[in-house]
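Inspection log for the structure reproduced underneath, given as structure tokens.
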Amino acid sequence: MGDSPTAPSCSGLRHRPPTIYMYYKRSSVSVCLHPSIHPSTISKLSEVSDIYGYETMYANGARTWTEVQVDSAETTGKSKHSSRRYRRQVYGSDGRFSITDEVFVLRHPFAAAVKLSTGCSGVLVSEKHVLTAAHCLHDGRDYVHGAKGLRVGFLHLKRARQRSRSLVKSRRRGRSWSDAPELSFRWSRARRTMLPKGWMHANENGTTAVDFDYAVVELRRPHKQQYLELSVSPSTESFPGKRIHFSGFDDDRDGTLVYRFCTVTEESTELMLQRCDARPGASGSGVYMRRWDPSQGQWSRRLIGVFSGHRLVELEGTEDGDPGETKDFNVAVRITPLKLAQICLWLEESQVKCTQGWQ
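See below:
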């Protein structure tokens with residue numbers, strides 16, 4: 001197989017020459033990122049390198065494992081919050097909005113929301129890639145049912161011929177013509193999925209699995225819908241109103257895109273804790289922020305996280321040694337500089353683009 005190419009002298013991630021496993025096909029590539037996206041350095045680079053290794057599963061079930069070398073990166077480790085996952089929750093009165101008008105649902109940013117055949121949501125981040133939650137594909141021990149042969153659903157408006165067929169079927173079933181749906185899912189097959197080792201082997205690394213509850217799905221063919229641009233998650237203090245937004249396919253509103261927004265209540269280096277109303281099916285939705293762009297004279301949106309789900313979270317104790325409170329939150333995983341670097345490897349596989357500071 002030969003040695004890995006020498007990595008350029010800059011901060012970032014690069015692949016290590018891997019150990020060969022019987023059912024693994026491997027490749028070797030080096031990549032580094034522009035140092036401007038790394039605000040600090042860490043002392044135990046070997047531990048972080050181990051956490052950010054990742055597994056790729058192809059549509060035919062073949063798997064590859066890639067070990068990643070971190071040259072210099074942000075501080076990482078355990079989140080200051082420990083958590084247990086429960087069902088997603090609606091807090092008080094339901095603040096979710098069903099997006100049913102095709103004028104809006106097929107426009108940015110709603111058109112970037114997709115549905116996975118495993119029952120979760122996802123968000124388009126390139127012409128061929130979907131960002132979602134890792135637990136939608138892998139339960140921490142093995143791949144979930146349906147991960148092999150995964151499909152991704154895009155909402156689209158039925159053509160006139162398709163709509164007329166649906167109307168005829170609706171009349172036969174006793175439904176009125178006006179009740180017949182006009183939006184439906186167009187399904188696309190996945191070529192491969194990519195998951196971080198921090199999620200798959202959290203107990204081995206001493207990490208908190210929820211911190212790594214993110215994954216990428218690559219489609220077999222490119223789509224034509226507008227996607228959301230990824231960005232490192234800044235401190236929520238810089239958000240207008242500390243507000244986040246996301247849209248997904250909650251299972252209590254079958255086939256309908258659901259939008260919500262709320263204020264971030266707590267944050268750590270890896271997580272955003274909030275009480276955005278959500279139900280099963282919303283997991284994997286892309287969390288974004290809005291910021292005024294004076295150069296364009298309009299609001300811009302940046303994808304800064306992935307919605308994970310509802311958890312009981314033990315907050316940090318006091319300096320006097322008092323234990324922290326346990327509260328329930330809906331949790332979103334933040335896109336940190338190292339996570340953006342890893343997603344860069346998955347999406348681009350281009351040393352040049354990553355070196356230039358992909359974000």
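Residues in the sequence shown are numbered consecutively from 1, following UniProt numbering. Built from N, CA and C at the ideal position, the CB exists for glycine as well.
- A residue is called buried when at least 16 other Cβ atoms come within 10 angstroms of its Cβ; valine 130 meets this threshold and is buried.
- Just so you know, the alpha carbons of alanine 282 and histidine 108 end up roughly 18 Å apart.
- Contact between phenylalanine 239 and glutamine 274 does not hold, since their C-beta atoms are separated by about 11 Å, which reaches or exceeds 8 Å.
- For the region 129 to 153, the continuous beta strand (DSSP E) assignments of 3+ residues that do not extend past its boundaries occur at 129 to 132, in sequence order.
- Bounds of the beta strand (DSSP E) holding phenylalanine 329 are 326 to 334.
- When rounded, the separation of the alpha-carbon atoms in aspartate 139 and arginine 291 is 35 Å.
- Just so you know, the alpha carbons of serine 247 and arginine 63 end up roughly 31 Å apart.
- Among the bridge pairs identified by DSSP, aspartate 293 is matched with Gln298.
- Check the Cα spacing between threonine 66 and each of Lys197, Ala215, Val103: the tightest is with Lys197.
- With a threshold of 16 other beta carbon atoms within 10 Å, glutamine 342 meets it and is buried.
- For threonine 263, the closest alpha carbon among the candidates Thr336, Gly255, Tyr288, Asp251 is that of Tyr288.
- Assigned with DSSP and collapsed to three states, glutamate 237 falls in helix.
- C-alpha of tryptophan 346 to C-alpha of serine 235: approximately 25 Å in a straight line.
- In the structure shown, alanine 190 adopts extended strand secondary structure according to DSSP, grouped into three states.
- As the crow flies, the alpha-carbon of glutamate 229 is around 27 Å from that of glycine 149.
- Excluding its 5 nearest sequence neighbours in each direction, isoleucine 99 has C-beta neighbours in its own chain below 6 Å: Val105, Phe110, Leu257, Tyr259, listed in chain order.
- Between the beta-carbon of glycine 153 and that of lysine 128 there is about 16 Å, and that puts the pair past the 8 Å contact cut.
- With respect to valine 232, leucine 271 sits apart: the two C-beta atoms are not nearer than 7 Å.
- Partner residues in the beta bridge of glutamine 274, as assigned by DSSP, are Val264, Asn330.
- Secondary structure note for valine 114: its beta strand (DSSP E) is the uninterrupted segment 113 to 116.
- Straight through space, the alpha carbons of threonine 326 and lysine 224 are spaced by roughly 44 Å.
- Assignment of phenylalanine 110 by DSSP, reduced to helix, strand and coil, places it in the helix class.
- Of the residues assessed, tryptophan 299 falls on the exposed side of the cut-off, its CB having fewer than 16 other CB atoms within 10 angstroms.
- Here the alpha carbon of histidine 145 sits roughly 7 Å from the alpha carbon of threonine 118.
- Nearest to glycine 284 by C-alpha distance, out of Leu137, Asn60, Tyr58, is Leu137.
- With a beta-carbon spacing of about 13 Å, serine 121 and alanine 134 fall beyond the 8 Å limit used to define contacts.
- Looking at the backbone, the Cα of arginine 334 and that of leucine 183 are separated by about 32 Å.
- Relative to proline 280, the option among Gly95, Gln89, Thr132 whose CA is nearest is Gln89.
- Beta-carbon to beta-carbon, threonine 56 and arginine 192 are separated by about 5 Å, close enough to satisfy the 8 Å threshold.
- Glutamate 55 is bridged by DSSP to Trp65, Leu195.
- In this structure, the CA atom of glycine 61 is about 21 Å from the CA atom of proline 222.
- With fewer than 16 other CB atoms across the displayed protein chains lying within 10 angstroms of its CB, aspartate 293 is exposed.
- Non-local C-beta neighbours of arginine 189 in its own chain, meaning closer than 6 Å and more than five positions away in sequence, comprise Arg151, Arg220, ordered along the chain.
- The beta carbon of aspartate 252 is closer than 6 Å to those of Arg279 in its chain, skipping five residues each way along the sequence.
- If you ignore the 5 residues before and after valine 216, its C-beta comes within less than 8 Å of the C-beta of Val125, His129, Val130, Leu131, Thr132, Thr193, Met194, Ile343, Trp346, Leu347, all in its own chain and listed in chain order.
- When only Cα atoms are considered, glutamate 314 and glutamate 266 end up about 12 Å apart.
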